[in-house]
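S.K.: I have a structure here, written as structure tokens, and I will follow up with some questions on it.
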Amino acid sequence: MPKTKVTIKDVAREADVNPSVVSRVLNKDSTLKVREETRERVWEAAAKLNYRPNRMAKMLRTKKSKMIAVLISKFSDLYFTAILEGIVWVAEERGYIISVFSTEEDRKKGSKCIETVYEYGMDGAILASSYVEEKTLQQLRYSSVPMVMLRRSSREFGVMGMLADELAGVSMVMEHLIGLGHQKIAHISGELFSRSGLKRFEGYRKALYENGIPYRVEYVQESDQTEKGSYDAMMRLLELEDPPTAVFAFNDTVAFGAMSAIRDKGLRIPDDISVVGHDNTILSEHTYPRLTTVDSRMKDMGELAAKMLIDAIEGKENAGERGEPECDIKIEPRFVVRESTGRVRK
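Going by the UniProt record's numbering, the first residue of the sequence shown is number 1, and it counts up by one from there.
In structure tokens:
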């Protein structure tokens, strides 16, 4: 005979409490006022009976799925690892399940991911990928599903938003390199149609201008943000008649490709050329030499985004303190100096 499904009433009978107490204890209701020994009795009873809550029944009763979607550009991009770590940590603490969708840098696929959020009745979404069709983004303001947008201004879309302070990070990079005596500083950029790619390029040009260093168009090489693309970009820089003494890479992955090219040319880092990355991904401190980079505080961004979203889903009063629709919050970066940068050789 099949085993009878254990219910909340069974757990309540075992723990000698009311079923509503069981429900609130298992859902970690912080407003419930009971003795700690009562909570422990409930958890012990649930474990003894191998109780598993019926998530679908709860969803129908509360009209909440307790599911949050996270859109990223691609699973292989290290940038999203720390963001997801922060999101998952908060979501688990608050009793939510995360579904991660990769847009694979395809705007149509990104729009389909958002359609899935609606179709499956998810409670909210964090849009860490910028690969979503513009018409879909424009419709977000009319949606009743709370969303937080990362790495792109959300003002025009009527959702909560969070941005890294790109210009502040680039300013730290350039100040560091110029302080080491570098004047011939190249930039391997990301795609210049993206917000991050354009902002970091603008910051690079601004720092050159403010320090009286001439802008040299040949010192800027656009890349596709892959190690292969940045390897080729660095090779083009090294083959110039007057090659740079330092390079600021769009992100750490681009920096890794650049470092491979420098080594393949028989040059030393940082003795012959200094390299700076961006984002402080997990591999940046495991390269040789260890990479100087901008810490975009991606885990902090993920945590704050998840808190903002869940507070909005639950209608918390303090949600407005963290972000309102059409309002962007900026995350201030930190600069991490390691061994990939050094003083310019005379």
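All C-beta atoms in this analysis are idealised placements derived from N, C-alpha and C, irrespective of residue type, glycine included.
Using 9 angstroms as the threshold, is the C-beta distance between residue 252 and residue 284 below it?
M.R.: Yes, these two residues count as a Cβ contact at 9 angstroms.
S.K.: Does DSSP classify residue 320 as helix, strand or coil?
M.R.: With a pLDDT of 45 at residue 320, under the threshold of 50, the predicted position of this residue should be treated as unreliable, though the coordinate-derived value follows. Three-state result, residue 320: helix.
S.K.: Residue 347 and residue 127 look like a contact to me (Cβ under 8 angstroms); what is the Cβ gap, rounded to whole Å?
M.R.: The requested residue 347 is not part of the displayed model; the chain covers only 1 to 346.
S.K.: Pull up the distance between the alpha-carbon of residue 338 and that of residue 211, whole angstroms please.
M.R.: Going from the Cα of residue 338 to the Cα of residue 211 covers about 24 angstroms.
S.K.: Three or more C-beta pairs under 8 angstroms: does that hold for the stretch 262-274 against the stretch 193-209?
M.R.: They do not touch, by the three-pair rule.
S.K.: Indicate the three-state DSSP secondary structure (helix, strand or coil) for residue 225 in the structure shown.
M.R.: Reduced to three states, the DSSP call for residue 225 is coil.
S.K.: Can you check the stretch 60-148 for any beta strand (DSSP E) of at least 3 residues that lies completely inside it and give the ranges in chain order?
M.R.: The stretch 60-148 contains these whole beta strand (DSSP E) runs: 67-72, 97-102 and 124-127.
S.K.: Excluding the 5 residues preceding and the 5 following residue 229 in the sequence, name in chain order all residues of the same chain whose CB lies nearer than 6 angstroms to its CB.
M.R.: Excluding residues within five positions, the ones whose Cβ falls inside 6 angstroms are 223.
S.K.: Can you tell which of 112, 117 and 262 has the C-alpha that lies nearest to the C-alpha of residue 98?
M.R.: Nearest of 112, 117 and 262 to residue 98, Cα basis: 117.
S.K.: Using only alpha-carbon positions, find the residue among 29, 19 and 232 that is nearest to residue 257.
M.R.: Of the listed residues, the one whose Cα sits closest to residue 257 is 232.
S.K.: Return the residue from the list 180, 236, 185 and 190 that minimises the CA-CA distance to residue 344.
M.R.: For residue 344, the nearest C-alpha among the options comes from 180.
S.K.: Going along the chain, which residues of its own chain have a beta-carbon closer than 7 angstroms to the beta-carbon of residue 95, five neighbours each way excluded?
M.R.: Once the five neighbours on either side are set aside, the close Cβ partners of residue 95 are 27, 28 and 66.
S.K.: Is residue 114 near residue 91, with beta carbons less than 9 angstroms apart?
M.R.: No; because the gap between Cβ atoms is not below 9 angstroms, this pair is not in contact.
S.K.: Please go through the same chain and pick out, in chain order, the residues whose beta-carbon is closer than 7 angstroms to the beta-carbon of residue 309, but skip the five residues on each side of it.
M.R.: Closer than 7 angstroms at Cβ, skipping near neighbours: 68, 124, 126, 146 and 148.
S.K.: Over what stretch of residues does the alpha helix (DSSP H) that includes residue 366 continue unbroken?
M.R.: An answer regarding residue 366 cannot be provided, because it is not within the stretch 1 to 346 covered by the chain.
S.K.: I think residue 76 touches residue 164, with their Cβ atoms under 8 angstroms apart; what is that distance to the nearest whole Å?
M.R.: No, residue 76 and residue 164 are not in contact; Cβ-Cβ is about 20 angstroms, not under 8 angstroms.
S.K.: One question on the structure: do residue 302 and residue 84 come within less than 9 angstroms of each other, judged by their Cβ atoms?
M.R.: Yes, the pair counts as a contact, with Cβ atoms nearer than the cut-off.
S.K.: Apply the 10 Å Cβ neighbour rule to residue 154 and answer buried if 16 or more other Cβ atoms are within range, or exposed otherwise.
M.R.: Residue 154 comes out buried.
S.K.: Using the rule of at least 16 other Cβ atoms within 10 Å of the residue's Cβ for burial, across every protein chain shown, is residue 192 buried or exposed?
M.R.: Flag for residue 192 reads exposed.
S.K.: Go to residue 275, then tell me how far its alpha helix (DSSP H) extends in each direction, as first and last residue.
M.R.: Careful: residue 275 lies outside any alpha helix (DSSP H), inside the beta strand (DSSP E) at 274-276.
S.K.: Per DSSP, residue 296 forms a beta bridge with which residues?
M.R.: Bridge partners of residue 296: none, in fact.
S.K.: Tell me whether residue 194 sits in a helix, a strand or coil according to DSSP, three-state version.
M.R.: If DSSP states are grouped into helix, strand and coil, residue 194 belongs with coil.
S.K.: Do residue 34 and residue 21 have their beta-carbon atoms positioned less than 9 angstroms apart in this structure?
M.R.: Contact flag set, yes.
S.K.: Roughly how many angstroms lie between the CA atoms of residue 25 and residue 52, to the nearest whole one?
M.R.: Their backbone Cα atoms lie some 14 angstroms apart in a straight line.
S.K.: Would you mind reading off the limits of the alpha helix (DSSP H) that contains residue 213?
M.R.: Looking at the DSSP string, residue 213 is not in any alpha helix (DSSP H), and its letter there is neither H nor E.
S.K.: So, for residue 381: in the same chain, excluding its five sequence neighbours on each side, which residues have a beta-carbon less than 7 angstroms away from its beta-carbon?
M.R.: Outside the displayed range of the chain (1 to 346) lies residue 381, so it cannot be described from this structure.
S.K.: First and last residue of the alpha helix (DSSP H) that includes residue 163?
M.R.: Where residue 163 is concerned, there is no enclosing alpha helix (DSSP H), although the beta strand (DSSP E) it sits in stretches over 160-164.
S.K.: For the alpha helix (DSSP H) that contains residue 254, what are its first and last residues?
M.R.: Counting along the chain, the alpha helix (DSSP H) containing residue 254 begins and ends at 252-264.
S.K.: Which residues does DSSP list as the beta-bridge partners of residue 153?
M.R.: DSSP output for residue 153 lists no bridge partner at all.
S.K.: Run through DSSP, which three-state label would residue 338 get?
M.R.: In this structure, residue 338 counts as coil in the three-state DSSP scheme.
S.K.: Secondary structure at residue 328, three-state DSSP: helix, strand or coil?
M.R.: Here residue 328 sits in strand by DSSP.
S.K.: Count the other CB atoms within 10 Å of the CB of residue 144; is the residue buried (16 or more) or exposed (fewer)?
M.R.: Exposed.
S.K.: Look at residue 74 and residue 111 and say whether their C-beta atoms are less than 9 angstroms apart.
M.R.: Result no, Cβ atoms of residue 74 and residue 111 do not sit closer than 9 angstroms.
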